[in-house]
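Chain order of the listed sequences is R and V.
In terms of our numbering, the first sequence has 233 at position 220, counting the first letter as 1, and numbering is strictly consecutive.
In terms of our numbering, the second sequence has 149 at position 136, counting the first letter as 1, and numbering is strictly consecutive.
Think of the CB as a built atom: it goes at the ideal place given N, C-alpha and C, for glycine as much as any other residue.
2 protein chains.
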Amino acid sequence: METITDIRQMQQWADATRSRGQRIGFVPTMGYLHAGHLNLVRAARSHSDAVVASIFVNPLQFGTNEDLERYPRDVRRDTAMLLDVGTDVLFLPEAAGVYPPGFQTTVTVERVTRGLCGAARPTHFAGVTTIVAKLFHMVKPHVAVFGCKDFQQLVAIRTMVTDLNLDIEIVGAPIVREADGLAMSSRNAYLSATERQAARSLSKALAAAQALVEHGEVDGLRILAAARRVIADESLARLEYATLADPDTLEEVDAVRRPTLLALAAHFGRTRLIDNCILSRESTARTGWRKSPDSQLSTAN
Amino acid sequence: METITDIRQMQQWADATRSRGQRIGFVPTMGYLHAGHLNLVRAARSHSDAVVASIFVNPLQFGTNEDLERYPRDVRRDTAMLLDVGTDVLFLPEAAGVYPPGFQTTVTVERVTRGLCGAARPTHFAGVTTIVAKLFHMVKPHVAVFGCKDFQQLVAIRTMVTDLNLDIEIVGAPIVREADGLAMSSRNAYLSATERQAARSLSKALAAAQALVEHGEVDGLRILAAARRVIADESLARLEYATLADPDTLEEVDAVRRPTLLALAAHFGRTRLIDNCILSRESTARTGWRKSPDSQLSTAN
Chain R
14 METITDIRQM QQWADATRSR GQRIGFVPTM GYLHAGHLNL VRAARSHSDA VVASIFVNPL
74 QFGTNEDLER YPRDVRRDTA MLLDVGTDVL FLPEAAGVYP PGFQTTVTVE RVTRGLCGAA
134 RPTHFAGVTT IVAKLFHMVK PHVAVFGCKD FQQLVAIRTM VTDLNLDIEI VGAPIVREAD
194 GLAMSSRNAY LSATERQAAR SLSKALAAAQ ALVEHGEVDG LRILAAARRV IADESLARLE
254 YATLADPDTL EEVDAVRRPT LLALAAHFGR TRLIDNCILS RESTARTGWR KSPDSQLSTA
314 N
Chain V
14 METITDIRQM QQWADATRSR GQRIGFVPTM GYLHAGHLNL VRAARSHSDA VVASIFVNPL
74 QFGTNEDLER YPRDVRRDTA MLLDVGTDVL FLPEAAGVYP PGFQTTVTVE RVTRGLCGAA
134 RPTHFAGVTT IVAKLFHMVK PHVAVFGCKD FQQLVAIRTM VTDLNLDIEI VGAPIVREAD
194 GLAMSSRNAY LSATERQAAR SLSKALAAAQ ALVEHGEVDG LRILAAARRV IADESLARLE
254 YATLADPDTL EEVDAVRRPT LLALAAHFGR TRLIDNCILS RESTARTGWR KSPDSQLSTA
314 N
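Given below as structure tokens:
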């Protein structure tokens with residue numbers, strides 16, 4: 014595995030790889046990797062000849078009172094994990110080169126970034142789409158893979174790619190979960206033991222909603238009430254939002270008549286976690302959701 | 014010369030051209046071409062193996078009360094001119110494909126777009142940088158050429174390219190002028206005969222300022238006063254701004270101690286025209302400015 018820190022050198026590697034007729038797969042990350050990230054790398058490998066994974070904790074996507082400073086970092090462990098899963102290039106750009114003095118350009122995606130997490134994090138998605146546009150121009154991938162756990166991020170990036178005519182295929186990879194259902198996240202490392210227990214309420218709330226839908230419920234208020242009740246029962250959990258939305262436009266919907274996004278955000282102490290699934294009246298196999306909490310639950314895009 | 018209207022087909026042409034190891038030069042235009050545009054194509058040819066010129070009257074960069082509807086169009090004449098100057102591909106994307114329903118992404122460059130034309134046209138440059146980012150992803154050029162007449166546009170695009178790490182060389186081509194000094198512009202077609210006479214005041218104002226600087230004047234107020242006086246003497250001219258600025262950052266300056274942008278905008282009837290030059294105390298040859306109004310005046314970037 015080659016490690017590249019220089020942006021120009023990354024572009025030259027991309028040009029050389031492309032000129033050999035090879036397809037480049039790309040997995041942008043903020044590091045502190047877990048099994049979910051490794052699945053993204055595997056997905057990228059299946060779509061390409063050479064995989065680049067980047068680690069860059071992007072200051073632009075953190076709000077002023079958010080967790081930029083304490084965001085977990087362990088590049089040595091990350092490097093070993095990426096090597097193990099068969100990454101070709103680890104791209105580690107430095108913040109000073111990514112945002113040099115004079116930097117003043119923003120890529121903004123409007124409607125899909127307003128609701129859900131965008132309501133509480135008004136500058137977050139502009140930070141995400143700006144860094145992803147930059148990384149795409151640095152790495153020049155044919156295909157890039159993002160996790161469905163950050164579903165709104167995935168939709169924002171898909172929209173940006175379509176709107177700006179970026180010639181890049183965007184692949185959404187299923188959520189990877191711990192044995193008890195908790196969606197894997199680098200931020201899970203913040204949780205105390207009791208918060209960790211309480212955080213199970215997120216995936217339980219999704220499961221409760223999915224069970225209702227499978228039994229024929231279509232009314233959005235009743236479905237959301239069922240999800241909210243699970244989280245309200247957990248004294249350490251503070252719900253930020255529970256929302257039903259169209260999975261493509263992220264517009265809120267009040268009924269589940271077709272596959273519908275159920276997205277949750279909640280705080281456990283100082284830690285903010287998100288989770289989601291695609292609710293569907295049809296077979297759960299189609300949405301990739303499995304009922305057994307001791308197996309890997311997942312949502313397919 | 015090949016004509017391409019489909020965005021996907023344009024990208025495929027770009028991929029095929031790149032895979033042959035050829036460099037792509039690009040000249041984006043809004044059509045109604047003049048000698049200035051043809052110079053851009055010639056400059057692109059000198060930097061590349063295959064030249065793409067696009068014609069797209071971009072609705073996003075026109076304000077609500079601006080001249081989108083009456084903007085002059087003559088694709089047949091443009092096609093003949095581009096063929097004549099040795100263009101390889103004429104790219105004619107259709108508005109419905111460029112901005113399909115659901116379009117919601119904007120590329121914004123902040124500081125360099127606020128002053129000068131940005132003060133009176135607050136949405137203009139976001140429209141420019143957004144369409145240029147899109148066209149860059151459609152045409153995939155190695156080098157793109159823009160005219161120095163739209164100097165603020167050139168700086169905004171350079172800044173976007175740097176900030177978003179687009180691997181594209183941006184070349185600024187000198188202003189091409191009519192025999193009497195008027196900078197060539199598609200909008201000159203709007204001018205009545207008397208307005209056309211009055212419009213000469215723009216280049217005369219630049220020449221007056223440059224003459225002062227060559228005689229040792231450094232005070233910005235006196236230099237601007239000289240330029241404003243020339244335009245004030247023309248009863249059909251209504252000055253919008255006359256500004257001295259750093260040519261890289263477009264920050265206003267109050268003295269000409271190094272090569273400095275003098276930018277003008279003025280209205281002649283319903284027609285708004287702009288012009289500029291780089292003022293320099295050193296030899297005029299260095300700035301590319303020639304005093305004789307019957308030869309082609311130009312500013313080099």
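**Asked** Where does the unbroken alpha helix (DSSP H) through residue 49 of chain V begin, and where does it stop?
**Response** Position 36 of the second sequence, counting from 1, holds the residue named residue 49 of chain V. Unbroken alpha helix (DSSP H) run through residue 49 of chain V: 48-59.
**Asked** Under the three-state reduction of DSSP, which class applies to residue 249 of chain R: helix, strand or coil?
**Response** Indexing the first sequence from 1 puts residue 249 of chain R at position 236. Correct three-state label for residue 249 of chain R: coil.
**Message:** Going by C-alpha to C-alpha distance, which of V:228, V:161, V:251, V:218 sits closest to residue 243 of chain V?
**Reply:** Translated into the one-based positions of the second sequence, residue 243 of chain V becomes position 230. Answer by Cα proximity: V:218.
**Request:** Keeping to the same chain, check which residues put their C-beta closer than 8 Å to that of residue 48 of chain V; ignore five residues upstream and five downstream.
**Result:** As a position in the second sequence, residue 48 of chain V is number 35, starting the count at 1. Once the five neighbours on either side are set aside, the close Cβ partners of residue 48 of chain V are 189, 197.
**Message:** Between the alpha carbons of residue 16 of chain R and residue 95 of chain R, how many angstroms are there, rounded?
**Reply:** Taking the first sequence and counting its residues from 1, one reaches residue 16 of chain R at position 3. Taking the first sequence and counting its residues from 1, one reaches residue 95 of chain R at position 82. Taking the straight line from one Cα to the other gives about 11 Å.
**Asked** With residue 64 of chain V and residue 101 of chain V assumed to form a contact (beta carbons below 8 Å), what rounded beta-carbon distance in angstroms separates them?
**Response** Counted from its first residue, the second sequence places residue 64 of chain V at position 51. Counted from its first residue, the second sequence places residue 101 of chain V at position 88. Residue 64 of chain V to residue 101 of chain V, Cβ: 5 Å. Contact.
**Buried/exposed call for residue 30 of chain V, threshold 16 Cβ in 10 Å** = Counted from its first residue, the second sequence places residue 30 of chain V at position 17. Classification for residue 30 of chain V: buried.
**Asked** Taking only beta-carbon atoms, is residue 180 of chain V less than 8 Å away from chain R?
**Response** Here residue 180 of chain V refers to the residue found at position 167 of the second sequence. Interface residue, yes.
**Prompt:** Would you say residue 123 of chain V faces chain R, with C-beta separation under 8 Å as the test?
**Reply:** The residue you call residue 123 of chain V lines up with position 110 of the second sequence. True, the Cβ-Cβ gap to chain R drops below 8 Å.
**Prompt:** Going by other Cβ atoms of all chains shown within 10 Å of its Cβ, with 16 needed for buried, is residue 201 of chain V buried or exposed?
**Reply:** Counted from its first residue, the second sequence places residue 201 of chain V at position 188. So residue 201 of chain V ends up on the buried side.
**Prompt:** Rounded to whole angstroms, how far is the Cβ of residue 223 of chain R from the Cβ of residue 292 of chain R, which I believe are closer than 8 Å?
**Reply:** The residue given as residue 223 of chain R occupies position 210 in the first sequence. The residue given as residue 292 of chain R occupies position 279 in the first sequence. Confirmed, about 6 Å.
**Prompt:** What does residue 259 of chain R reach in chain V if we use C-beta pairs closer than 9 Å?
**Reply:** On the first sequence, residue 259 of chain R is found 246 positions in, with the first residue counted as 1. In chain order: nothing, as chain V lies at least about 12 Å away.
**Request:** Give me the Cα-Cα distance between residue 152 of chain V and residue 179 of chain R, rounded to the nearest whole angstrom.
**Result:** By one-based count along the second sequence, residue 152 of chain V stands at place 139. By one-based count along the first sequence, residue 179 of chain R stands at place 166. One C-alpha to the other measures close to 11 Å.
**Request:** Check residue 192 of chain R in the structure and name its three-state DSSP category.
**Result:** As a working note, residue 192 of chain R is residue 179 in the first sequence. If DSSP states are grouped into helix, strand and coil, residue 192 of chain R belongs with coil.
**Prompt:** To the nearest whole angstrom, what separates the beta carbons of residue 110 of chain V and residue 20 of chain V, a pair I think is in contact under 8 Å?
**Reply:** Counted from its first residue, the second sequence places residue 110 of chain V at position 97. Counted from its first residue, the second sequence places residue 20 of chain V at position 7. Contact holds; Cβ gap of about 6 Å.
**Request:** Would you be able to state if there are at least three C-beta pairs under 8 Å between the region 110-130 of chain R and the region 258-271 of chain R?
**Result:** yes
**Message:** Can you pull out the residues from the region 129-159 of chain R whose beta carbon lies closer than 7 Å to at least one beta carbon of chain V?
**Reply:** 146, 147, 150, 151
**Message:** Check whether chain V comes within 8 Å of residue 170 of chain R, counting only Cβ atoms and requiring the distance to be less than that.
**Reply:** Position 157 of the first sequence holds residue 170 of chain R. Not one chain V Cβ lies under 8 Å of residue 170 of chain R.
**Item:** Beta carbon proximity, residue 19 of chain V to chain R, threshold 8 Å
**Value:** If you number the second sequence from 1, residue 19 of chain V lands on position 6. Among the CB atoms of chain R, none fall inside 8 Å of the CB of residue 19 of chain V.
**Asked** Is residue 263 of chain V close to chain R, meaning its C-beta is less than 8 Å from at least one C-beta of that chain?
**Response** Taking the second sequence and counting its residues from 1, the one referred to as residue 263 of chain V is at position 250. So, not an interface residue.
**Request:** Consider the Cβ of residue 35 of chain V: report whether some Cβ of chain R lies at a distance smaller than 8 Å.
**Result:** For the purposes of this step, residue 35 of chain V is identified with residue 22 of the second sequence, where counting begins at 1. No, because no Cβ of chain R sits closer than 8 Å to the Cβ of residue 35 of chain V.
**Request:** Give the range of the alpha helix (DSSP H) segment to which residue 152 of chain V is assigned.
**Result:** Counting from one through the second sequence, the residue named residue 152 of chain V turns up at place 139. Residue 152 of chain V -> alpha helix (DSSP H) spans 137-152.
**Message:** Considering Cα atoms alone, identify which of R:77, R:258, R:114, R:183 is closest to residue 232 of chain R.
**Reply:** For the purposes of this step, residue 232 of chain R is taken as the residue at position 219 of the first sequence. Considering only alpha carbons, the answer is R:258.
**Prompt:** Just reading off the alpha helix (DSSP H) that residue 212 of chain V is part of, what are its end residues?
**Reply:** Translated into positions along the second sequence, residue 212 of chain V becomes position 199. Taken as a continuous stretch (DSSP letters only), residue 212 of chain V belongs to no alpha helix (DSSP H), as it is neither H nor E.
**Item:** Residue from R:51, R:38, R:79, R:46 with nearest C-alpha to residue 61 of chain R
**Value:** One-based indexing of the first sequence puts residue 61 of chain R at position 48. It is R:38 whose Cα lies nearest to the Cα of residue 61 of chain R.
**Request:** Using beta-carbon positions only, say whether residue 66 of chain V and residue 103 of chain V come within less than 8 Å of one another.
**Result:** Here the question's residue 66 of chain V lines up with position 53 in the second sequence. Here the question's residue 103 of chain V lines up with position 90 in the second sequence. Contact: yes.
**Asked** In chain V, which residues lie with their C-beta within 7 Å of the C-beta of residue 176 of chain R?
**Response** Indexing the first sequence from 1 puts residue 176 of chain R at position 163. What residue 176 of chain R touches in chain V: 116, 117, 118.
**Prompt:** Mapping DSSP to helix, strand and coil, what is residue 177 of chain V?
**Reply:** Position 164 of the second sequence holds residue 177 of chain V. Coil at residue 177 of chain V, not helix or strand.
**Request:** Leaving aside the five residues before and after residue 81 of chain V along the sequence, list all residues of the same chain whose C-beta is less than 8 Å from its C-beta, in chain order.
**Result:** For the purposes of this step, residue 81 of chain V is identified with residue 68 of the second sequence, where counting begins at 1. Within the same chain, residue 81 of chain V has close Cβ partners 70, 72, 75.
**Message:** Can you list, in chain order, the residues of its chain with a C-beta nearer than 8 Å to that of residue 240 of chain V? Leave out the 5 residues immediately preceding and following it.
**Reply:** Stepping through the second sequence from its first residue, residue 240 of chain V is reached at position 227. So the qualifying residues of the chain are 218, 219, 221, 222, 255, 275, 277.
**Message:** So if DSSP puts residue 67 of chain V in a beta bridge, which residue, or which two residues, is it bridged to?
**Reply:** Translated into positions along the second sequence, residue 67 of chain V becomes position 54. Note: residue 67 of chain V sits in a beta bridge opposite V:41, V:104.
**Request:** Quick one: residues in its chain with C-beta nearer than 7 Å to the C-beta of residue 172 of chain R, no 5 flanking neighbours on either side, listed in chain order?
**Result:** Position 159 of the first sequence holds residue 172 of chain R. Within the same chain, residue 172 of chain R has close Cβ partners 122, 125.
**Asked** Taking 8 Å as the CB-CB cut-off, is residue 24 of chain R touching chain V?
**Response** One-based indexing of the first sequence puts residue 24 of chain R at position 11. The beta-carbon of residue 24 of chain R is placed less than 8 Å from the nearest beta-carbon of chain V.
**Request:** Give a yes or no on whether the minimum CB-CB distance between residue 94 of chain V and chain R is below 8 Å.
**Result:** Residue numbering aside, residue 94 of chain V sits at position 81 when the second sequence is read from its first letter. Chain R contact via Cβ: absent.
**Message:** Quick check: the Cα distance between residue 34 of chain V and residue 32 of chain R, rounded to an integer number of angstroms?
**Reply:** Locating residue 34 of chain V in the second sequence gives position 21, counting from the first residue. Locating residue 32 of chain R in the first sequence gives position 19, counting from the first residue. So the alpha carbons of these two residues sit roughly 8 Å apart.
**Asked** Can you give the Cα-Cα distance for residue 108 of chain V and residue 118 of chain R, rounded to whole angstroms?
**Response** Position 95 of the second sequence, counted from the start, is the residue given in the question as residue 108 of chain V. Position 105 of the first sequence, counted from the start, is the residue given in the question as residue 118 of chain R. Distance between the alpha carbons of residue 108 of chain V and residue 118 of chain R is about 25 Å.
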